[in-house]
Amino acid sequence: MSVLVFIEQRDGQVRPVSREALGEATRIAAAIGGPVIGVCAAAKDPGLAALGEAGADRVLLATSDRFAAYDAEGTAAAVEAAVRGVQPVVVLFAASAMGKDLAPRVAAKLGIGLASDCTKIDPASGGLTATRPVYAGKALQQVRFPKTPALLSLRPKVFAQVSRAGTSASVEPLAVTLPGDGPRARVLRVSAVAGGKVDLTESEIIVSGGRGLKGPENFPLIEELAGALGATVGASRAVVDAGWRPHHDQVGQTGKTVSPKLYVAVGISGAIQHLAGMSSSRCIVAINKDPDAPIFKVADYGVVGDLFEIVPALTAEVKKLNAHG
Amino acid sequence: MIQVVCIKQVADTETRVKVAADGKHLDPAGVTWILNPYYEFAVEQALRVKEKLGAGEVIALSLGGPGVQTTLRNALAMGADRAIHLRHEGAALDSLSVSRLLADAIRPLGAGLIWFGKQAVDDDAAQVGPMTATLLDLPCVTAIATFELEGDQVTVEREVEGAREVVEAKLPAVLTTDKGLNEPRYASLKGIMAAKKKTIEDVAAAPSEPNLEVTALAPPPPRAAGRIVGEGTAAVPVLVKLLREEARVI
Numbered sequence: 064m065s066v067l068v069f070i071e072q073r074d075g076q077v078r079p080v081s082r083e084a085l086g087e088a089t090r091i092a093a094a095i096g097g098p099v100i101g102v103c104a105a106a107k108d109p110g111l112a113a114l115g116e117a118g119a120d121r122v123l124l125a126t127s128d129r130f131a132a133y134d135a136e137g138t139a140a141a142v143e144a145a146v147r148g149v150q151p152v153v154v155l156f157a158a159s160a161m162g163k164d165l166a167p168r169v170a171a172k173l174g175i176g177l178a179s180d181c182t183k184i185d186p187a188s189g190g191l192t193a194t195r196p197v198y199a200g201k202a203l204q205q206v207r208f209p210k211t212p213a214l215l216s217l218r219p220k221v222f223a224q225v226s227r228a229g230t231s232a233s234v235e236p237l238a239v240t241l242p243g244d245g246p247r248a249r250v251l252r253v254s255a256v257a258g259g260k261v262d263l264t265e266s267e268i269i270v271s272g273g274r275g276l277k278g279p280e281n282f283p284l285i286e287e288l289a290g291a292l293g294a295t296v297g298a299s300r301a302v303v304d305a306g307w308r309p310h311h312d313q314v315g316q317t318g319k320t321v322s323p324k325l326y327v328a329v330g331i332s333g334a335i336q337h338l339a340g341m342s343s344s345r346c347i348v349a350i351n352k353d354p355d356a357p358i359f360k361v362a363d364y365g366v367v368g369d370l371f372e373i374v375p376a377l378t379a380e381v382k383k384l385n386a387h388g
Numbered sequence: 237m238i239q240v241v242c243i244k245q246v247a248d249t250e251t252r253v254k255v256a257a258d259g260k261h262l263d264p265a266g267v268t269w270i271l272n273p274y275y276e277f278a279v280e281q282a283l284r285v286k287e288k289l290g291a292g293e294v295i296a297l298s299l300g301g302p303g304v305q306t307t308l309r310n311a312l313a314m315g316a317d318r319a320i321h322l323r324h325e326g327a328a329l330d331s332l333s334v335s336r337l338l339a340d341a342i343r344p345l346g347a348g349l350i351w352f353g354k355q356a357v358d359d360d361a362a363q364v365g366p367m368t369a370t371l372l373d374l375p376c377v378t379a380i381a382t383f384e385l386e387g388d389q390v391t392v393e394r395e396v397e398g399a400r401e402v403v404e405a406k407l408p409a410v411l412t413t414d415k416g417l418n419e420p421r422y423a424s425l426k427g428i429m430a431a432k433k434k435t436i437e438d439v440a441a442a443p444s445e446p447n448l449e450v451t452a453l454a455p456p457p458p459r460a461a462g463r464i465v466g467e468g469t470a471a472v473p474v475l476v477k478l479l480r481e482e483a484r485v486i
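Top to bottom, those sequences are chains A and F.
To get the working numbering, take the position in the first sequence, counting from 1, and add 63.
To get the working numbering, take the position in the second sequence, counting from 1, and add 236.
So, in structure tokens, the structure goes:
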């Protein structure tokens, strides 16, 4: 009755989303009674024994030079081998760029359904059920798994990590026959996005700007506030479609769905497709000149007024706070 | 080269979701149906490839009830040569069931490129592209933001957290498209007229046992009522105090 977790690594670093998946795995394992087993594909061990602290009892490691960059088909073969060997009842992935690409391949190889981007798992109601947002969060869908194992990917920043200080995981080699002579889809290189900023889906704090900023030349206001808060800059669809900001900044139904602890919406009226993408944030602040803007309906704290005055004042106030600790 | 573009009809993104009487699905009453936004990029890119090569055929493929014919007709008006409608009525199928039906339909076509959107904006599953590729035993790159074709090789970029992966693959291959890949064209009046004469082949789809069962659909829990802290810069110190002491987020 084990729970298997895919451990995602890039450049020899285990990614935080995998620690979140391990945290949830320990909660499921406690309910069903069984160990938490990780599976990782890497060119060399990225320090997997330390994942004992994050909840792993054992980690299976498939090593190959092919795994220096993401090899989708090779990694899918490794996870499939682990599932066939371990026979888990639940398999967890992170719904990250890699997990979203990988999990459907593993599901197809196993001939089993997959619930993607889940935000809640209930292991104890007559077979596991999962809750997942659909329509970018305008509704929640509940699903059940007719076959074993249940395959799920977990939305980043939703599930809590655990800390079992002093515990280490045993790392065991996993034998895999990799398909083909090499990856058929080969990663040539990985280039950092300008600024090397944290991805919106993994940010603790997001400051998003909308059409109220009047033009791309005013986005430094947002960037300065984000800098003071240690936040990532986001944007509404309107400003992305207008070409003010790149697409990867877009929050909402055709952009990213985010769940940070703090979301600050500046000059964003709150179109339904935007609200869908951010209304699961823990705390929402809205700054807008229109007191009737829909954004205020989801905001915990609203400030009505001219953003060109309020945002610099807020940046200054946050800087003051930072300076005084 | 033959290219297949798999398209899905979805509820418009402005739709307010109402739950149907079965408690499991979207109430279709009053919903405007559109071509899933991410699939417009797929249709557009396939058309550009055909235009660049100066030859070939673009086949639009969709699974669903009679309503999807509108969406297929839309792809034909944009410039696709013909369409295949895999007819299935009733509740939406799970992604693996859909992928199996699509893979069976695609296999005999001998396509060099098979296109999907990176995800549908209704179920947000983002599964059917890579699942279908796996069932077809073809290489696949998901959520591509750039595309280049050189002979029988494609080079694409996909966004990952804080970086971009540059990936190359040999044809035949499966690609799923992200926003930003291109600027999809509108169907011209000439295109709309021409689409009326193009064929939509009607094929009955026979799905297998479900692989995932939807047990409920519900609106998200409402957020606790918030408050207006104040107006103008005078509200800023109050806001910061609340964020620090009440919400404890900074």
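We treat Cβ as the ideally placed atom computed from N, Cα and C, and that holds for glycine.
**OP:** Under 7 Å between beta-carbons, which chain A residues line up against F/Pro473? List them in chain order, please.
**Re:** Residue mapping note: residue 473 of chain F aligns to position 237 of the second sequence, counting from 1. By Cβ distance, chain A contributes Glu380.
Original post:
So the alpha helix (DSSP H) A/Phe222 belongs to, where does it begin and stop?
Top reply: Translated into positions along the first sequence, residue 222 of chain A becomes position 159. No alpha helix (DSSP H) holds A/Phe222; DSSP gives it neither H nor E.
Subject >> Residues that A/Ser266 contacts on chain F, provided the C-beta gap is smaller than 7 Å >> reply: Translated into the one-based positions of the first sequence, residue 266 of chain A becomes position 203. The contacting residues do not exist; A/Ser266 stays about 10 Å from chain F at best.
Subject >> Touching by the beta-carbon criterion (3+ pairs, under 8 Å), the stretch 174-186 of chain A and the stretch 210-217 of chain A >> reply: Remark: three or more beta-carbon pairs, one from each stretch, lie closer than 8 Å, so the stretch 174-186 of chain A and the stretch 210-217 of chain A are flagged as touching.
**OP:** Measure from the alpha carbon of F/Ala423 to the alpha carbon of each residue in F/Glu280, F/Glu250, F/Met237, F/Ile464, then state which is nearest.
**Re:** Residue mapping note: residue 423 of chain F aligns to position 187 of the second sequence, counting from 1. With respect to the C-alpha of F/Ala423, the residue from F/Glu280, F/Glu250, F/Met237, F/Ile464 having the closest C-alpha is F/Glu280.
Original post:
Curious, which full-length beta strand (DSSP E) runs of at least 3 residues does the stretch 312-353 of chain F contain?
Top reply: Every beta strand (DSSP E) of 3 residues or more that sits fully in the stretch 312-353 of chain F is shown, in chain order, as 318-323, 349-353.
**OP:** Kindly list the residues whose CB is nearer than 7 Å to the CB of F/Leu299, restricted to its own chain and excluding five residues on each side of it in sequence; keep chain order.
**Re:** On the second sequence, position 63 is the one that residue 299 of chain F refers to. Correct list, in chain order: Leu322, His324, Val334, Leu337, Leu338, Ala441.
Original post:
Taking C-alpha atoms, which residue in A/Gln205, A/Lys352, A/Ala376 lies nearest to A/Gly365?
Top reply: Taking the first sequence and counting its residues from 1, the one referred to as residue 365 of chain A is at position 302. Checking every option, the nearest Cα to that of A/Gly365 belongs to A/Lys352.
**OP:** For F/Ala483, return the contacting residues in chain A, with the cut-off set at a CB-CB distance below 7 Å.
**Re:** Here residue 483 of chain F corresponds to residue number 247 of the second sequence, with the count starting at 1. The answer, in chain order, is Cys346, Asp363.
Original post:
Which residue from A/Met64, A/Gln72, A/Val77 puts its Cα closest to that of A/Asp134?
Top reply: Here residue 134 of chain A corresponds to residue number 71 of the first sequence, with the count starting at 1. Nearest C-alpha to A/Asp134: A/Gln72.
Subject >> Cβ contact (3+ pairs, closer than 8 Å) linking the stretch 363-376 of chain F and the stretch 197-210 of chain A >> reply: Between the stretch 363-376 of chain F and the stretch 197-210 of chain A there are fewer than three inter-stretch CB-CB distances shorter than 8 Å, so the stretches are not counted as touching.
Subject >> Minimum Cβ-Cβ distance from A/Pro151 to chain F less than 9 Å >> reply: Position 88 of the first sequence holds residue 151 of chain A. Closer than 9 Å: no.
**OP:** Indicate the three-state DSSP secondary structure (helix, strand or coil) for A/Ala139 in the structure shown.
**Re:** To locate residue 139 of chain A, count along the first sequence from 1; it is residue 76. Looking at A/Ala139 - three-state DSSP - the assignment turns out to be helix.
Original post:
Looking at chain A, which residues of the stretch 308-320 of chain F have a Cβ within less than 9 Å of any of its Cβ atoms?
Top reply: If you check each beta-carbon in the stretch 308-320 of chain F against every beta-carbon of chain A, none falls closer than 9 Å.
**OP:** Write down the C-beta distance between A/Val348 and A/Ile285 rounded to the nearest angstrom, noting that I regard them as a contact closer than 8 Å.
**Re:** The residue labelled residue 348 of chain A in the question sits at position 285 within the first sequence. The residue labelled residue 285 of chain A in the question sits at position 222 within the first sequence. Not confirmed; about 13 Å, so no contact.
Original post:
Of all Cβ atoms in chain A, is any one closer than 9 Å to the Cβ of F/Pro420?
Top reply: Indexing the second sequence from 1 puts residue 420 of chain F at position 184. Not one chain A Cβ lies under 9 Å of F/Pro420.
**OP:** Return the residues of the stretch 354-376 of chain F that lie within a Cβ-Cβ distance of less than 7 Å from chain A, sorted by chain order.
**Re:** Within the stretch 354-376 of chain F, the qualifying residues are Val357, Asp358, Asp359, Asp360, Ala361, Ala362, Gln363, Pro366, Met367, Thr370, Leu371, Pro375, Cys376.
Original post:
Considering only residues of the stretch 246-307 of chain F, which uninterrupted alpha helix (DSSP H) runs meet the minimum length of 4 residues and lie entirely inside it, listed in chain order?
Top reply: Note on the stretch 246-307 of chain F: whole alpha helix (DSSP H) runs with a minimum of 4 residues are 273-289, in chain order.
**OP:** Measure the CB-CB distance between F/Val357 and F/Tyr274 and report whether it falls below 9 Å.
**Re:** To locate residue 357 of chain F, count along the second sequence from 1; it is residue 121. To locate residue 274 of chain F, count along the second sequence from 1; it is residue 38. Inclusion of F/Val357 and F/Tyr274 in the CB contact set at 9 Å is warranted, their separation being smaller than that value.
**OP:** In the DSSP assignment, find the beta strand (DSSP E) that holds A/Arg207 and state where it starts and stops.
**Re:** For this step, residue 207 of chain A is matched to residue 144 along the first sequence. Unbroken beta strand (DSSP E) run through A/Arg207: 202-207.
Original post:
Hey, is the stretch 159-176 of chain A in contact with the stretch 227-244 of chain A, meaning 3+ C-beta pairs nearer than 8 Å?
Top reply: Verdict: no, contact absent.
**OP:** Count the other C-beta atoms from every protein chain shown that fall within 10 angstroms of the C-beta of A/Met341, then say buried if there are 16 or more, exposed otherwise.
**Re:** Numbered from its first residue, the first sequence carries residue 341 of chain A at position 278. Buried: at least 16 other Cβ atoms inside 10 Å.
Subject >> Span separating the alpha-carbon of F/Asp330 from that of A/Ile184 >> reply: Mapped onto the second sequence, residue 330 of chain F falls at position 94. Mapped onto the first sequence, residue 184 of chain A falls at position 121. Cα atoms of F/Asp330 and A/Ile184: separation of roughly 19 Å, rounded to the nearest angstrom.
**OP:** Indicate whether at least one CB of chain F lies closer than 9 Å to the CB of A/Phe156.
**Re:** Walking along the first sequence from the start, residue 156 of chain A turns up at place 93. Residue contact with chain F for A/Phe156: absent (no Cβ-Cβ distance below 9 Å to any residue of chain F).
**OP:** Please compile the residues from chain F whose C-beta is within a distance smaller than 8 Å of the C-beta of A/Met161.
**Re:** In the first sequence, residue 161 of chain A corresponds to position 98, counting from 1. Here the neighbours are Val396.
**OP:** Indicate the three-state DSSP secondary structure (helix, strand or coil) for A/Ile53 in the structure shown.
**Re:** Only positions 64 to 388 of chain A appear in the structure, and residue 53 of chain A is not among them; the question remains open.
Subject >> Beta-carbon neighbours of A/Gln316, restricted to chain F and to distances below 8 Å >> reply: Working through the first sequence from its first residue, we reach residue 316 of chain A at position 253. Residues of chain F passing the Cβ test: Thr249, Val357.
Subject >> A/Ser332, DSSP secondary structure in three states >> reply: As a working note, residue 332 of chain A is residue 269 in the first sequence. In this structure, A/Ser332 counts as coil in the three-state DSSP scheme.
**OP:** Report the neighbours of F/Glu401 on chain A: residues whose CB is nearer than 7 Å to its CB, in chain order.
**Re:** As a working mapping, residue 401 of chain F is identified with position 165 in the second sequence. Those within 7 Å of F/Glu401 in chain A are Tyr133, Val250, Val253.
**OP:** List the residues of chain A whose Cβ lies closer than 7 Å to the Cβ of F/Glu449, in chain order.
**Re:** Your numbering for residue 449 of chain F matches position 213 in the second sequence. Close to F/Glu449, with beta-carbon spacing below 7 Å, are these residues of chain A in chain order: Val206, Arg207, Pro209.
Original post:
Beta-carbon separation of A/Gly318 and A/Val296 under 9 Å?
Top reply: Locating residue 318 of chain A in the first sequence gives position 255, where the first residue counts as 1. Locating residue 296 of chain A in the first sequence gives position 233, where the first residue counts as 1. 9 Å or more divides the Cβ of A/Gly318 from the Cβ of A/Val296.
Subject >> Sequence-distant residues of the same chain with beta carbon closer than 7 Å to A/Glu116, five excluded per side >> reply: Residue 116 of chain A sits at position 53 when you count from the first residue of the first sequence. Excluding sequence neighbours, A/Glu116 sits near Ser226, Arg227, Ala228, Thr230.
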